[in-house]
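In my numbering, the protein residues as written are 465 to 711. C-beta atoms are modelled at their ideal positions from N, C-alpha and C, and glycine is treated no differently. Below: one structure, written as structure tokens.
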Amino acid sequence: MKAKGFNLKILAAVMLALVFNAHGAETNSIRIVSADLLQIKGPRSMIWQDCVGTGRVAEGLRDGWRRQLEECHREIGFKYIRMHGLLQDELGVYSEGPNGEPRYNWQYIDDVYDFLLSIGMKPFVEFGFMPNALASGKGKIFWWNANVTPPKDYAKWDALITALVEHWTNRYGEGEVKTWRFEIWNEPNYPGFWHPPTNSTPRGKSYSGEPLDRRWCYLLADPSIPYTKILNVPGTILGRWRGAPAT
Numbered sequence: 465m466k467a468k469g470f471n472l473k474i475l476a477a478v479m480l481a482l483v484f485n486a487h488g489a490e491t492n493s494i495r496i497v498s499a500d501l502l503q504i505k506g507p508r509s510m511i512w513q514d515c516v517g518t519g520r521v522a523e524g525l526r527d528g529w530r531r532q533l534e535e536c537h538r539e540i541g542f543k544y545i546r547m548h549g550l551l552q553d554e555l556g557v558y559s560e561g562p563n564g565e566p567r568y569n570w571q572y573i574d575d576v577y578d579f580l581l582s583i584g585m586k587p588f589v590e591f592g593f594m595p596n597a598l599a600s601g602k603g604k605i606f607w608w609n610a611n612v613t614p615p616k617d618y619a620k621w622d623a624l625i626t627a628l629v630e631h632w633t634n635r636y637g638e639g640e641v642k643t644w645r646f647e648i649w650n651e652p653n654y655p656g657f658w659h660p661p662t663n664s665t666p667r668g669k670s671y672s673g674e675p676l677d678r679r680w681c682y683l684l685a686d687p688s689i690p691y692t693k694i695l696n697v698p699g700t701i702l703g704r705w706r707g708a709p710a711t
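This is how it looks when you write it as structure tokens:
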């Protein structure tokens, strides 16, 4: 009996030690965060309300997508929306005739952009990706097969972009289009988004015809349209363009 009682005392002591150790570890892991709600640090940044991103322009043809975006705009106050796939084949934007003549179709882009403007939002235009009929290769990204190769004919690429901007100007007015934001391509410094042919010569030109140290960008928007200077180079991934000022 004495041995049994001794064993029970040892067991009790071990369990008590475990309890104290657990309590000590819990105490050491406690982190106290305090805030004085009456102290004003400074003005609150609302930059997050400025722009929201989504998948592809084609998603804007769906009723459910539209209802959700309208609710987000109403409740949160997003002003701009940035979307991939503006020039995707699923929107039928670009094709060529039997002799290679360009054919344009703005029907589905108009449908989406009309809706955006109707709810008080504006597009953050991203020109991309490459229509297959204009592409110089077959490099793709994403499950929806975005073509990420340069145009096979830069004159046709220039004509496509110019025609689209002129169409928007005629449809919505110069004053409205001036308030939009523009981006040429998406993160071309990331190989997944830009597959130039191995034998290609990088080229670039600004809207004013001046060379750019941006290996692929070819804006050539019509210089007779003053506000084409708002056309911008693409955002980069984890980096900046060579020669660009540090921010």
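Beta-bridge analysis with DSSP links I648 to F591. Here R495 is exposed. Its C-beta has fewer than 16 other C-beta atoms within 10 Å.
For N611, the pairing in a beta bridge is given by DSSP as K604. Just measuring C-alpha positions, the residue of D574, E590, F588 and L624 sitting nearest L598 is L624. Below 8 Å, too few C-beta pairs join the region 563 to 577 and the region 533 to 544 to call them touching: fewer than three.
Contact annotation, K586 with W644: C-beta distance approximately 6 Å; criterion of less than 8 Å satisfied.
In the structure shown, Y618 falls within a helical segment according to DSSP collapsed to helix, strand and coil.
Contact between G549 and V521 holds: their C-beta atoms lie close to 5 Å from each other, under 8 Å. Secondary structure remark: continuous alpha helix (DSSP H) runs of at least 4 residues inside the region 518 to 595, in chain order: 527 to 540 and 571 to 582.
Nearest C-alpha to I605 among Y636, G639, H659 and P566: H659. Rounded to whole angstroms, the Cβ separation of F579 and G524 is 7 Å, and the two are in contact under 8 Å. A599 has P615 as its beta-bridge partners, per DSSP. Under the 10 Å beta carbon count, N611 is surrounded by 16 or more other beta carbons and is classified as buried.
The three-state reading of DSSP puts V629 in helix, counting H, G and I together.
Taking C-beta atoms as the reference points, K620 and P655 fail to come closer than 9 Å.
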